[in-house]
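Structure, as structure tokens:
Number of protein chains: 2
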Amino acid sequence: MKQYKGLMAVLLFVLTTAIATRAADSVELWGMYEVTLKGPTNGNPFLDVRFSAKFMNDHIDSTFIEVPGFYDGDGNYRVRFMPDGLIAGAPVKWSYITSSSAPELNSQTGEFMVTKPAANNHGPVHVTNTFHFAYADGTPYKQLGTTCYVWTHQPKELQEQTLKTLAASPFNKIRFCVFPKRYTWNTNEPAMYPFEGWPKNFDLARFNPKFFQHFEQRILDLQKLGIEADIILLHPYDKGAWGFDAMTAQEDDRYLKYVVARLAAFRNVWWSLANEYDFMKFKSEDDWERIGQLVARTDPFHRLLGIHNGTQIFNQTRPWITHASIQNGAAVAEFGRAELYRDAFRKPIVYDEVKYEGDIESRWGHISAEELVFRFWNAAIAGTYCGHGETYKSDDQILWWSKGGALKGQSPARLAFLRKVLEDSPADGIDPVDKWQDTPIAGKPADYYLVYLGKETPTSWEFKLPKPPQGKGQPPADGMKFTAEVLDTWNMTVMPVNGVFTLKKKDNYYHADKDGRSITLPGKPYMAIRIKRVQE
Amino acid sequence: MKQYKGLMAVLLFVLTTAIATRAADSVELWGMYEVTLKGPTNGNPFLDVRFSAKFMNDHIDSTFIEVPGFYDGDGNYRVRFMPDGLIAGAPVKWSYITSSSAPELNSQTGEFMVTKPAANNHGPVHVTNTFHFAYADGTPYKQLGTTCYVWTHQPKELQEQTLKTLAASPFNKIRFCVFPKRYTWNTNEPAMYPFEGWPKNFDLARFNPKFFQHFEQRILDLQKLGIEADIILLHPYDKGAWGFDAMTAQEDDRYLKYVVARLAAFRNVWWSLANEYDFMKFKSEDDWERIGQLVARTDPFHRLLGIHNGTQIFNQTRPWITHASIQNGAAVAEFGRAELYRDAFRKPIVYDEVKYEGDIESRWGHISAEELVFRFWNAAIAGTYCGHGETYKSDDQILWWSKGGALKGQSPARLAFLRKVLEDSPADGIDPVDKWQDTPIAGKPADYYLVYLGKETPTSWEFKLPKPPQGKGQPPADGMKFTAEVLDTWNMTVMPVNGVFTLKKKDNYYHADKDGRSITLPGKPYMAIRIKRVQE
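Next up, the structure:
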């Protein structure tokens, strides 16, 4: 957002005169309002024509949102806007004025009403409470992601199957690439490319609108399912097939600006600057810094922006990075590891790649369902988030991890159970209560606790709650009452524990049940205990 | 270092005329050359007089090193210089010219010869190979630190005892404060203060030269013992006793500049900007950023500079931070945790506080010697470094962790054993060979491996060596030959294993012994295996 106080009077005049001649259109809050104008088709419209629009409303005084437009082929120039801000009952009126190097696209104005969002529209996801996420309307967003790198590049039937599978899955985010992928099990050529031309002969100065129109439809399909689209802008799996990993800085910048202009207004879009950025051998860290800043600066809607690593984690403290998107094959294999990056980066930690459920030979693709579910729980208890992937060998070369299709594994059902547990947890997110003490207890102190016992197989658990560090929440106190439930995270059962636990100070660090009671456990792995304050 | 090409001719002329009248002095490389001049004693010399000198030699063309001076009381103005750079056989001639607001301190010149360092002078420690340290002469520095926060503030006899204890200890770094400390077991008033005045009545604009002269003597005492002095410039343990934790920004800056001017030329000095910076409630992160930059900018010798945390780790990626000085009560309690901060910060990781060997009630001060030694080994195998502290209750209120004195614990002997192991390891430092795979093997691939088994109690270990990630060292190959030793890290024994192990590829990730041999182990905890390539 920029302040253009000097322009205000001029624009208000223009808008006032325009209002009389145009019917007011409408769009729901966090929906997408699209302005389409006809413009030049000669030369190279992608390069030659500058086109953007300023949007304003009469509630946010003297603030304009400048939104880049794009050429969509066939003489169509579009600019896409997602209205944000609170609705206090009545609809809000927005206005716009275009700006272009082409006279027919310049100084065009319009206005539209922004109405209440539909029930299933919670707005875009943003960062809240340092380490967590929420939708714009305040609904908590408990990230449970999956990955199908190039599902939109597969045959239409397979794409439709992927969407059906997702609809029945627990996942509320999916990571996938703009560009096609060349890799083991990924040797099929896609139907379309983002640029005009064909392999070895792309015109990187001309985009392919049909490719993007299809890609956008898939983003909307996900949006309808309530799934965030974590779009991977660049990746290293090209192997000379297309050269999209080896574009010049100018070509990268142009490509990223075009994608941002097309896609940023979809409320379920997240940006993943790259997958395994450090495996892209034609780019330096300075390149990543440049294009990271570029995406952040040119996106008028400030979508979530991350950068995913191979073996070398990016400096996740950079201000343009909204959340740490981490590949680490071991960090969520143990509770005490998973929380360390929180302190290092002070942002939401999303372990987007933690090895996949599957049976391929590579170590990154053959962990068991039990192990993957264990990792999701470790991440959750550490106040972080985790990502799923599936790599079961298949004669048809269709592995979920890359192409989508059907899920074959045992983890998704258990992740659905975890999602229910998380959605039942405090809206603010759960955090480790007593970090550095090896106690896998997360929660909101004095209100809600989730104890995860992982691979341990105890037959009882002493009811005791740790004191949080000073300033990190309400300490437990004598007389507080709690109920408990035993959760079998693998068998997906919830067993209430009889009675109420009343606290009494045990030592300098813990409050325990006043009668010294313990909770009986079945001596099996993957158990959790959920503890809630009795509201008095 | 700054380039002053324009000044060169003038300065050379001044120096040439000065040479005739002064006898050339000499100092060893990395020694301290001190220029002392008499100057004004009226007003407040600490505030009123600007004094510095530029140093140059005829080997480093047109480069000056600008060194701040300081007032040392009794009309003495000093500037301290540590000559650096290589000596190619012959002694090197250095010259200087002073600059001051006081005429008698201005444009004074001199020259001196820099001679070969003594055998025990390896120069200052710097960062090497991203995660490790070395002395200026290339000798590896394997950090094994301890902490005695205010040992220099104790009675003289106790200070002498501390030095004797250190002389017999394995520690090659000690962390200690400029300011006195008020805390449990720390209620005695020091003999001197860094400022003129007395409690509740300090003149923060006038330093106490006698305090610093004594402090410097202690730095030199440590230097003679081969111990680095990690000087804690600010800390929160004041509790209103002196107010040194609540100085204004101007007072902080003046204090830091004075300390840098006095101490930076001692080659064994490191800066710790603060202990538990986040517990200093009168300072914001912006303050820390300002004074961190100030110390880095004003120190002509670029001493190592860190900032130690309480519960909130500082952004260790900041460029003025040379190494991450970390307090974390859990990160070295497990191998897989300790290495994570390396990826996050890309600097040497020094776990300066990992809980102490002792028996006080606080959790941070009552781990066993076994646990502390275990933590040092975890840190080492993760390619990081660790710090010791000791907090055994004592009727005389003398706990090593704060006051020094005698060591009572069982860990120092075992840390001496570890130090020997590290000093026998590759000069470049050892790094995890196959991070994220839970294999606690550090080393230099195809050359040297150290396997640490921690609390596991296996009776045998299959001889197999992991492949490092691409570009991270030489992979093992068929036919390579190795010898092995079994190390009992607690009982401090080294047992050679009979015979030679010859490698044969086992699978995509490992090379094993061609005959499938294993190494027999005693089924005890805290064992390690050292593996060295047979030089052919």
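Those sequence lines, one after another, are chains A and B. Numbering of the first sequence is given in this note's numbering, commencing with residue 1 and proceeding in unit increments. Numbering of the second sequence is given in this note's numbering, commencing with residue 1001 and proceeding in unit increments. Glycine residues also receive a C-beta, built at the ideal position from the N, C-alpha and C atoms.
Sequence-distant residues of the same chain with beta carbon closer than 6 Å to residue i, five excluded per side
i: Ser-85 (chain A); result: A small correction: the amino acid at residue 85 (chain A) is Gly; Ser does not occupy that position in the sequence shown. None.
i: Arg-22 (chain A); result: In this predicted model, Arg-22 (chain A) has a pLDDT of only 43, less than 50, meaning its place in the structure is not dependable; the value taken from the coordinates is given anyway. Answer for Arg-22 (chain A): Gly-110, listed in chain order.
i: Phe-1212 (chain B); result: Arg-1262
i: Thr-502 (chain A); result: Lys-481 and Lys-514
i: Lys-1173 (chain B); result: Gln-1143, Gly-1145, Glu-1228 and Asp-1230
i: Gln-1474 (chain B); result: Pro-1445 and Ala-1446
Amino acids of chain B, ordered along the chain, whose beta-carbon sits closer than 9 Å to that of residue i
i: Leu-273 (chain A); result: Near Leu-273 (chain A) there are no residues of chain B at all, since even the closest Cβ is about 18 Å away, more than 9 Å.
Rounded straight-line distance, which links the Cα of residue j to that of residue i
i: Thr-1041 (chain B); j: Asn-1106 (chain B); result: 16 Å
i: Glu-1423 (chain B); j: Lys-1142 (chain B); result: 7 Å
i: Val-1433 (chain B); j: Ile-1441 (chain B); result: 6 Å
i: Phe-1176 (chain B); j: Leu-521 (chain A); result: 48 Å
i: Thr-1115 (chain B); j: Arg-1078 (chain B); result: 22 Å
i: Pro-1469 (chain B); j: Asp-1343 (chain B); result: 14 Å
i: Asn-315 (chain A); j: Asp-286 (chain A); result: 12 Å
i: Ser-99 (chain A); j: Leu-37 (chain A); result: 12 Å
i: Lys-506 (chain A); j: Ser-1362 (chain B); result: 15 Å
i: Thr-483 (chain A); j: Ile-519 (chain A); result: 11 Å
i: Leu-1015 (chain B); j: Val-1035 (chain B); result: Reliability of the predicted coordinates at Leu-1015 (chain B) is poor, the pLDDT of 43 falling under 50, and the value obtained from them is presented with this limitation in mind. Using only the alpha carbons, I get a separation of about 15 Å.
i: Asp-1478 (chain B); j: Val-1500 (chain B); result: 14 Å
i: Ala-379 (chain A); j: Gly-310 (chain A); result: 19 Å
i: Asp-1238 (chain B); j: Lys-1403 (chain B); result: 16 Å
i: Pro-496 (chain A); j: Trp-1270 (chain B); result: 56 Å
i: Arg-267 (chain A); j: Trp-151 (chain A); result: 20 Å
i: Asn-1208 (chain B); j: Phe-1215 (chain B); result: 11 Å
i: Leu-1453 (chain B); j: Ala-1528 (chain B); result: 6 Å
i: Asn-491 (chain A); j: Ala-1246 (chain B); result: 56 Å
Cβ shell of residue i (< 7 Å), same chain only, five flanking positions each side left out
i: Ser-325 (chain A); result: Ser-272, Gly-306, Ile-307, His-308, Val-350 and Asp-352
i: Ala-427 (chain A); result: Pro-140
i: Pro-190 (chain A); result: His-153 and Pro-180
i: Phe-1112 (chain B); result: Ala-1024, Asp-1025, Ser-1026, Val-1027, Tyr-1033 and Trp-1094
8 Å CB neighbourhood of residue i in its chain, flanking five on each side removed
i: Gly-523 (chain A); result: Thr-457, Pro-458 and Thr-459
i: Arg-533 (chain A); result: Ala-446, Asp-447, Tyr-448, Met-480, Lys-481 and Phe-482
i: Asn-44 (chain A); result: Ala-205 and Arg-206
i: Val-1295 (chain B); result: Leu-1233, Leu-1256, Val-1260, Trp-1271, Leu-1273, Leu-1305 and Trp-1320
i: Leu-158 (chain A); result: Trp-151, Ile-398, Lys-403, Gly-404 and Gly-405
Interface partners of residue i on chain A, CB under 8 Å
i: Gly-1389 (chain B); result: Neighbours of Gly-1389 (chain B) on chain A: none; closest Cβ ~16 Å, over 8 Å.
i: Pro-1469 (chain B); result: Thr-311
i: Tyr-1385 (chain B); result: Result: empty, since nearest Cβ-Cβ is about 17 Å, beyond 8 Å.
Cross-chain neighbours of residue i in chain A, by beta carbon under 9 Å
i: Thr-1317 (chain B); result: Asn-315, Gln-316, Thr-317, Arg-318 and Ala-344
i: Gly-1358 (chain B); result: Here the premise fails: no neighbours, minimum Cβ distance about 16 Å.
i: Gly-1336 (chain B); result: Ala-330, Ala-331, Ala-333, Glu-334, Gly-336 and Arg-337
Proximity test, Cβ basis, 8 Å: residue i and chain C
i: Trp-377 (chain A); result: Note that chain C does not occur in the displayed structure, where the protein chains are A and B.
Residue i burial status per 10 Å Cβ neighbour count (16 or more: buried)
i: Leu-1222 (chain B); result: buried
i: Gln-327 (chain A); result: buried
i: Pro-68 (chain A); result: buried
i: Lys-1156 (chain B); result: exposed
i: Trp-198 (chain A); result: exposed
i: Pro-1319 (chain B); result: exposed
i: His-1388 (chain B); result: buried
i: Gly-1039 (chain B); result: buried
i: Gln-217 (chain A); result: exposed
Interface residues of chain B facing residue i [CB-CB closer than 8 Å]
i: Ala-512 (chain A); result: Here the premise fails: no neighbours, minimum Cβ distance about 17 Å.
i: Glu-361 (chain A); result: Asn-1508
i: Leu-399 (chain A); result: Within chain B, no residue comes near Leu-399 (chain A); the closest Cβ sits about 19 Å away, beyond 8 Å.
Contacts of residue i in chain A (Cβ-Cβ under 7 Å)
i: Trp-1436 (chain B); result: Asn-328, Gly-329 and Ala-330
Item to complete: Check whether the stretch 1163 to 1183 of chain B touches the stretch 1462 to 1470 of chain B, counting contact only when three or more Cβ pairs, one atom from each stretch, lie closer than 8 Å.
Response: no
Discussion item. Does the stretch 1275 to 1282 of chain B come into contact with the stretch 1253 to 1261 of chain B, if we say contact requires no fewer than three beta-carbon pairs (one atom in each stretch) closer than 8 Å?
Written reply: no
Worksheet item: Three or more C-beta pairs closer than 8 Å, one from the stretch 1043 to 1052 of chain B and one from the stretch 1227 to 1235 of chain B: is that the case here?
Response: no
Discussion item. Quick test of the definition: if touching needs 3 or more C-beta pairs under 8 Å, does the stretch 1357 to 1377 of chain B touch the stretch 1403 to 1422 of chain B?
Written reply: yes
Item to complete: Indicate whether the contact test is met: 3 or more Cβ pairs, each with one atom in the stretch 445 to 454 of chain A and one in the stretch 178 to 186 of chain A, closer than 8 Å.
Response: no
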